[in-house]
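As structure tokens, the structure follows; a few thoughts come after it.
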Amino acid sequence: MSSQKEIWDALQDLRLGSDQETWKLQVKVHQQFEVDHKLCLVVKGLNPEVQKPTGIKGAMPGIWGLIDKVEGQIQDDGTVNFYFWKEHHMLTVLERAPYTYKGWVVAIGLWQNRMEPNFLRYIPFKIHIEKLPPECRREDIVRDIGKMHGHVTEARVIEPNPVTGRLAKVWVKVDFHVDHKIILVKNVELKQGSEPVELNFRFRDLQKFCTTCGSLQHAFEFCPRASSISTTAEALMFIGTNPSTTTIERQIAIEGIITGQEIGESSNSVPIIPMALAPLADYFIEDACLESQESHPRANDVEIVSPDHGMKRKNADIELEDTQKQPKRQEQCSTTIPTASTSQASTHVALDLKTYAVSNSKGLVAALKPPLEP
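With the working numbering, you'll find the sequence shown wraps up at 374, consecutive numbering, no jumps.
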């Protein structure tokens, strides 16, 4: 039997009043709507796993330097409308794009353009082209190379100055489609029939991206191609993207990925670390010393170093944005992994649960920071 409340709630579905005169908003309300949306930008996170609308709404005014000068409102589709009080503030924000939130790029566009098919589908990236031969530093060549990334809106060739020591710079500004993949190195045939030249591309204001496929919409551990990555490569990616590592350690990890370094096994099944990865030995832990039972990281036991704020944050206060989805295994362990140059064990010690995270279920653990002596 339904309660009286349920009955009368259902009766509110009656269309009482629908056949009567239409109500109209005041003219000044319509006018205010037009004014508000003329100075409105729409922002959308490209990686919804970590870029929540509430966070975008709270963070972007500070990123723009416009706290208390812009109002945010979350929409049903996960986008956020930002209403500016002054037009020059809005235009400055547009001019300085792209922006990131939690390290991932956000798409931004004028509310007035929301009905266009390409709305929030392009990021205005400035891309530096490196290793281009001097004779090829011509605007038409630079534009043609830039087209490989997207629609070119600007191209510049800055000549070197031997007197001041200024080096030559070549860059393009392109509208980069959000579904396209980041390309950092490419062989380009600059002259017909000649050997291709390897060019490097540096994206200004680009922070996080999938280090496996180049997507702007997911991290490497959630990449559709993740299953094709070796155990060592995935562990190196965790080390390379870990804000606690030093610059040198990060460079070693990146070089290890590029050169395809792999941790092998000796005749007695003991993992052997290549000499190139020896400086990272303390980041690797044998899976054999972990308990076989799988469990999610305990919220109160994990500390995350925030790249956004430069300080430690306990997971009780934030989401585990970089360790969700895949089951992880964690346990204190003490093990030894020798390097390729010696049969002696490296100085692995017991790890506190707060110092490391499992990179994957393939057999290696990548520490969030090197284990400390007890």
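All C-beta atoms in this analysis are idealised placements derived from N, C-alpha and C, irrespective of residue type, glycine included.
Straight-line gap, residue i to residue j (C-alpha atoms, nearest Å)
i, j, result
"Lys24", "Ser18", "14 Å"
"Leu91", "Glu249", "41 Å"
"Asn118", "Arg96", "20 Å"
"Ile263", "Tyr122", "40 Å"
"Glu221", "Val106", "20 Å"
"Phe82", "Gln217", "22 Å"
"Leu41", "Leu110", "5 Å"
"Pro327", "Ala219", "Any reading at Pro327 must be qualified, since the residue scores a pLDDT of 40, below 50, and its modelled position is unreliable; no value is offered."
"Gln32", "Ala59", "26 Å"
"Pro196", "Gly240", "30 Å"
"Lys126", "Gln251", "24 Å"
"Glu6", "Val70", "42 Å"
"Leu120", "Gln12", "39 Å"
"Gln192", "Asn47", "40 Å"
"Glu255", "Ile67", "41 Å"
"Glu21", "Arg15", "13 Å"
"Gln261", "Leu280", "12 Å"
"Thr246", "Leu39", "43 Å"
"Pro61", "Val27", "31 Å"
Neighbourhood of residue i by C-beta distance below 7 Å, restricted to the same chain and skipping five residues each side
i, result
"Pro53", "Ile74, Gly78 and Val80"
"Lys181", "Cys213, Gly214 and Ser215"
"Ile56", "Val43, Gly45, Val80, Tyr101 and Val106"
"Arg166", "Pro160"
Proximal residues to residue i (C-beta, below 6 Å), its chain only, five neighbours per side dropped
i, result
"Arg298", "Caution applies to Arg298, whose pLDDT of 37 falls short of 50 and renders its modelled position unreliable; the value that the coordinates give is listed next. Counting only Cβ-Cβ distances below 6 Å, and skipping sequence neighbours, we find nothing."
"Leu184", "Phe201"
"Gln207", "Thr100 and Gly103"
"Glu130", "Asn200"
"Glu198", "Asn187"
"Val152", "Arg143, Gly146, Val172 and Val174"
"Lys72", "A small correction: the amino acid at residue 72 is Gly; Lys does not occupy that position in the sequence shown. Once the five neighbours on either side are set aside, the close Cβ partners of Gly72 are Lys57, Val80 and Phe82."
Candidates the options, of which the one nearest residue i by Cα
i, options, result
"Ala276", "Thr241, Ile141 and Ala253", "Ala253"
"Arg452", "Glu116, Leu190 and Asn113", "With the chain represented from 1 up to 374, any question about residue 452 goes unanswered, as that position is not in the structure."
"His177", "Phe84, Asp13, Thr259 and Ile108", "Ile108"
"Ile258", "Met237, Gly72 and Phe209", "Met237"
"Asp205", "Ile63, Ser2 and Asp13", "Ile63"
"Asp140", "Ala155, Leu132 and His128", "Ala155"
Min CB distance residue i to chain C below 9 Å
i, result
"Ile141", "The structure shown contains no chain C, having only a single protein chain."
Beta-carbon proximity list for residue i, same chain, < 8 Å, skipping 5 on both sides
i, result
"Ala407", "Outside the displayed span of the chain (1 to 374) sits residue 407, for which this structure offers no information."
CB-CB length for residue i against residue j, believed under 8 Å
i, j, result
"His37", "Gln112", "7 Å"
Problem - Validate contact between the region 173 to 187 and the region 134 to 151 using beta carbons, cut 8 Å, 3 pairs - result: Contact holds: three or more Cβ-Cβ distances are below 8 Å.
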